[in-house]
Amino acid sequence: MSSHTKLGIWTLIIIVSLVVLAKFSGVSASKTYSFDFTKGITLEYTDNVLREIVERNLKGVEGDFAIFIENMSGDERYPLAVNEQYPSASLYKLVLMAAGLKEEEQGSLKMEDTVSATKAHLTDVLGSVDFGYEDVSGGIEYTIEEALTRVGRISDNFAAIMLTEKLRRGSTFDPLAKMALELGMENTNLNPKGDELITTTASDIATFFKKLYKGQVVSKTVSDKIIGFLALSKINDRIPAQLPKEVKIVHKTGELSRIRHDAGIVYLDKEVEGASESAVPKKAYLLVMLSKNLKYENDGVEAFANISKEVWEYFSKKI
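According to this note's numbering, the sequence shown holds residues 40 to 358 in order.
This is the structure in structure tokens:
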């Protein structure tokens, strides 16, 4: 037998041995390491089970997508196009709520203070009459608490515009842009030029919700208030659509023409009556789903609902 033949046999033996060793030494074959050194969330590796869930449900859906999934109490994580810019749609309201509640915590704003504007002005700013205001005429007025409630419950655009204008009035530095920077959302542009749209990334939205989960959006008090407002959401055709009704979900949707988003925290632990709010954060996972250039918007909504269902089934088996 030639020396080359012997070398080939030994090489084959070594390769087979390494494969067998990996199989029986607890090394997971479902995880592929993938490092991203750009700014934003740390992408330590990709979980192939999550990748398969996403790819299977996006197959055949025409559009562009950015997805981020992370088990907040484990080490499973899946990123897709997380640093690509997407129109934020109503996801900018997450920063708005944080900025408003920061002012309230500092005493420069009170929940009983009011915001007001004419329907004509709000329609001009938005570019159309907001849903639900078709038969309203004249002026519109809410307390700060009412405005925040409407933003959280139905993503009210008129309430958001009034609150934004109140916060920005007299400020030398845009409080929303300042808040985004404080939160580490460095790739979110809240002051676009001309007809450009407010943009963000899945990475930045994930950063917001990770801080919210940890009680670090401004403070624990502010974080809890944001969670309370977002938990009121009536727009539940994406992340919550196919999940058990008892599951606690804190999320925010966004939508424009050919755009559908949903992002938030899904809690895995069952709610315990009388449990302390200061306790260790419950088991949960983060799910951020952004889309743009959708050919059919309903297809995007359905795909997101299906992804959410399968991700829930995957993580819920682990608790």
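In this text, a Cβ means the ideal position worked out from N, Cα and C, and glycines have one as well. Since we're looking at a predicted model, the values are computed, not measured.
Original post:
Under the three-state reduction of DSSP, which class applies to E235: helix, strand or coil?
Top reply: Look at E235 here: in three-state DSSP terms it is coil, with no helix or strand label.
**OP:** With a 10 Å radius around its C-beta and 16 neighbouring C-beta atoms as the bar for buried, classify R163 as buried or exposed.
**Re:** Before going further, note that residue 163 is Asp rather than Arg in the sequence given. Around the beta carbon of D163, a 10 Å sphere encloses fewer than 16 other beta carbons of the protein chains shown; the residue is thus reported as exposed.
**OP:** Ignore the nearest five residues each way along the sequence and tell me which others in V256's own chain have a CB closer than 8 Å to its CB.
**Re:** Apart from sequence neighbours up to five positions away, the residues of its chain that approach V256 with a beta-carbon distance below 8 Å are A137, L222, F247, K250, S262 and I265, ordered along the chain.
Subject >> With 16 other Cβ atoms within 10 Å as the buried cut-off, status of K132 >> reply: Counting C-beta atoms within 10 angstroms of its own C-beta, K132 has 16 or more neighbours from the protein chains shown and is therefore classed as buried.
**OP:** Determine the burial state of F198: buried for a count of at least 16 other Cβ atoms within 10 Å of its Cβ, exposed for fewer.
**Re:** Note that residue 198 is Ala in the sequence shown here, rather than Phe. A198 should be labelled buried.
Subject >> the stretch 95–107 contacting the stretch 142–162, beta-carbon criterion three pairs below 8 Å >> reply: No contact exists between the stretch 95–107 and the stretch 142–162.
**OP:** Under 8 Å by Cβ, that's how I've got A120 and A105 pegged, so tell me the actual separation to the nearest angstrom.
**Re:** So it is a contact: roughly 4 Å between Cβ atoms.
Original post:
In angstroms, rounded to a whole number, what distance separates the CA positions of G139 and D103?
Top reply: Computed Cα separation, rounded: 32 Å.
**OP:** Could you work out which residue in A156, I274 and G293 is closest to A241 when comparing CA atoms only?
**Re:** The shortest CA-to-CA distance from A241 to any of A156, I274 and G293 is the one to G293.
**OP:** Leaving out five residues on either side along the sequence, give the residues of the same chain with a beta carbon under 7 Å from the beta carbon of V340.
**Re:** Annotation for V340: D276, R277 and R299 place their beta carbon closer than 7 Å to its own, counting only its chain and skipping 5 residues before and after.
Original post:
Tell me which same chain residues have a C-beta within less than 6 Å of the C-beta of T227, skipping the five on either side of it?
Top reply: Same-chain partners within the cutoff: A219, T239 and D243.
Subject >> Extent of the continuous beta strand (DSSP E) to which T157 belongs >> reply: Note, T157: beta strand (DSSP E), T153 to T157.
Original post:
Closest by CA to P171, which one among S155, T182, E109 and R189?
Top reply: First, the amino acid is wrong: residue 171 is Gly here, not Pro. Per the Cα distances, R189.
Original post:
Hey, E115 and D86 are a contact pair by Cβ (cut 8 Å); roughly how many whole angstroms apart?
Top reply: In this structure E115 is in contact with D86, their Cβ atoms being roughly 4 Å apart against a cut-off of 8 Å.
Original post:
Mapping DSSP to helix, strand and coil, what is S347?
Top reply: In this structure, S347 counts as helix in the three-state DSSP scheme.
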